[in-house]
Amino acid sequence: MNGRTFLDGKQSKQRTVNVGRANAVSRRSLKADRSSPKKSTRSQTVWLDPVAQDRLLRQQSLTDAKQGHYLEAIAGLTILIDRNPENATDYNNRGLVHFQCGHLDAAIEDYNKAICLNSKLASAYNNRANYYASQGLLIEAITDYDRAIDLDPTNIRAWLNQGITFRDLELYSQAIENFEQALQITQLLSSPLNDHSVLEAHLYGARGRAHHLAGDWNFAIADYYRALERIPEADIAEKRLRMQVNRWMQELTN
Numbered sequence: 001m002n003g004r005t006f007l008d009g010k011q012s013k014q015r016t017v018n019v020g021r022a023n024a025v026s027r028r029s030l031k032a033d034r035s036s037p038k039k040s041t042r043s044q045t046v047w048l049d050p051v052a053q054d055r056l057l058r059q060q061s062l063t064d065a066k067q068g069h070y071l072e073a074i075a076g077l078t079i080l081i082d083r084n085p086e087n088a089t090d091y092n093n094r095g096l097v098h099f100q101c102g103h104l105d106a107a108i109e110d111y112n113k114a115i116c117l118n119s120k121l122a123s124a125y126n127n128r129a130n131y132y133a134s135q136g137l138l139i140e141a142i143t144d145y146d147r148a149i150d151l152d153p154t155n156i157r158a159w160l161n162q163g164i165t166f167r168d169l170e171l172y173s174q175a176i177e178n179f180e181q182a183l184q185i186t187q188l189l190s191s192p193l194n195d196h197s198v199l200e201a202h203l204y205g206a207r208g209r210a211h212h213l214a215g216d217w218n219f220a221i222a223d224y225y226r227a228l229e230r231i232p233e234a235d236i237a238e239k240r241l242r243m244q245v246n247r248w249m250q251e252l253t254n
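Taking this note's numbering, the leading residue of the sequence shown gets 1, the next gets one more, and so forth.
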């Protein structure tokens, strides 16, 4: 999983960890009934093999994280790490969930472990860079974003996040170049099954802000409108993005 830092992080309300539920997923059995006209119905138990158990638990943990059930996600990922201590992706994912719920020390520890296990895991560098940026370590963040982009030149979020960091450093031209590169990638990767409209909204909003701070107000307003056009009115998840872009526009029009 990749994290992003376009808007200020907002911690979701944490729920009590249901470790029993996470464990249950890992050992779940499937019941299959078979019947025929000549035989009575009987029940057969099919146990999942260890690989399938891990896959199911990983899927459930990522779903929990997306729904804001961070502590349950951490519990599930911890079980996976205990079973597979060499899996860099699970460390990276747990680090991101720790970061999302404010466990910053645990997050950086997991990111470092993921990179130690797999030095070519682009998403781990992007996530660690987000951590550095949140701590004001902007040069360290730029370096990790560079590494993420070198490993995966189509990593749109790394281009976006590095652009935001350049903007924070008041390097507006470099920031705008990043956002434009990311927009080109979204167009190359676009397909009927891959809707990048919301991601494009983030990119246009970020580029508009860079133009705004650089004093190019006409370009800024145009990008703000492009951003708002790509955010569905019914999309509650992107309400904060819409509010942020509207505030930036008000700064120009007031």
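Ideal Cβ placement from N, Cα and C applies to all residues, glycine included. Keep in mind it's a predicted model, so treat the numbers as computed, not measured.
>> Just to confirm my understanding: we take P232, look at its own chain, exclude 5 residues before and 5 after, and list those with CB closer than 6 Å. What are they?
In response: No residues qualify anywhere along the chain.
>> Let me confirm a value: W47 is counted as buried when at least 16 other C-beta atoms fall within 10 Å, else exposed. Which label applies?
In response: exposed
> Who are the Cβ neighbours of I142 in its own chain at under 7 Å, not counting the five residues just before and after it?
Replying inline: Q162 and T165
> Whose C-beta lies closer than 8 Å to the C-beta of A222 among residues of the same chain, with five residues either side of it excluded?
Replying inline: Within the same chain, A222 has close Cβ partners G208.
> So K113 packs on L151, CB below 8 Å; how close in whole Å?
Replying inline: About 18 Å separates the two Cβ atoms, so there is no contact after all.
>> On the criterion of 16 or more Cβ atoms from any shown chain inside 10 Å, does E238 qualify as buried, or is it exposed?
In response: buried
> Is the CB-CB distance between D144 and A129 below 8 Å?
Replying inline: yes
> Since L183 is in the alpha helix (DSSP H), which residue starts that stretch and which ends it?
Replying inline: Y172 to L189
>> Let's see if you can read the secondary structure: which residues bound the alpha helix (DSSP H) around R247?
In response: K239 to T253
>> Taking the alpha-carbon of H98 as reference, which of I115, I74 and D168 has the nearest alpha-carbon?
In response: I74
>> Between R167 and A133, how many whole angstroms is the CB-CB distance? I'm expecting something under 8 Å.
In response: The pair is not a contact, with the Cβ atoms about 11 Å apart (cut-off 8 Å).
>> Measuring only the C-alpha atoms, how far is E180 from L62?
In response: 30 Å
>> For Y204, tell me which candidate among D146, A214, F219 and G215 has the shortest Cα-Cα distance.
In response: F219
> At what residues does the alpha helix (DSSP H) containing H98 begin and finish?
Replying inline: A88 to Q100
>> Quick check: what's the CA-CA separation for A206 versus P50?
In response: A206 and P50: Cα-Cα distance of roughly 44 Å.
> Between Y172 and R83, what straight-line distance do the alpha-carbon atoms span, to the nearest angstrom?
Replying inline: Rounded to the nearest angstrom, the gap between the Cα atoms of Y172 and R83 is 46 Å.
>> Under DSSP, the alpha helix (DSSP H) around R58 begins and ends at which residues?
In response: P50 to K66
> Do you know offhand how far L56's Cα is from D146's?
Replying inline: 33 Å
>> Looking only at its chain, what residues have a beta carbon closer than 7 Å to the beta carbon of H212, apart from the 5 residues adjacent to it on each side?
In response: These residues qualify, in order along the chain: A220, W248 and L252.
>> Applying the 10 Å Cβ sphere with the 16-neighbour rule, what's the burial state of Q184?
In response: exposed
> Closest by CA to L117, which one among G68, Q135, N92 and E72?
Replying inline: Selected option, being the one with the closest Cα: N92.
>> With distance defined between alpha-carbon atoms, name the residue in N126, Q244, L138 and T154 nearest to A148.
In response: N126
>> Let me confirm a value: Q60 is counted as buried when at least 16 other C-beta atoms fall within 10 Å, else exposed. Which label applies?
In response: buried
> In chain order, what residues of the same chain have a beta carbon less than 8 Å from the beta carbon of T186, not counting five sequence neighbours either side?
Replying inline: Excluding residues within five positions, the ones whose Cβ falls inside 8 Å are I156, H196, L199, E200 and L203.
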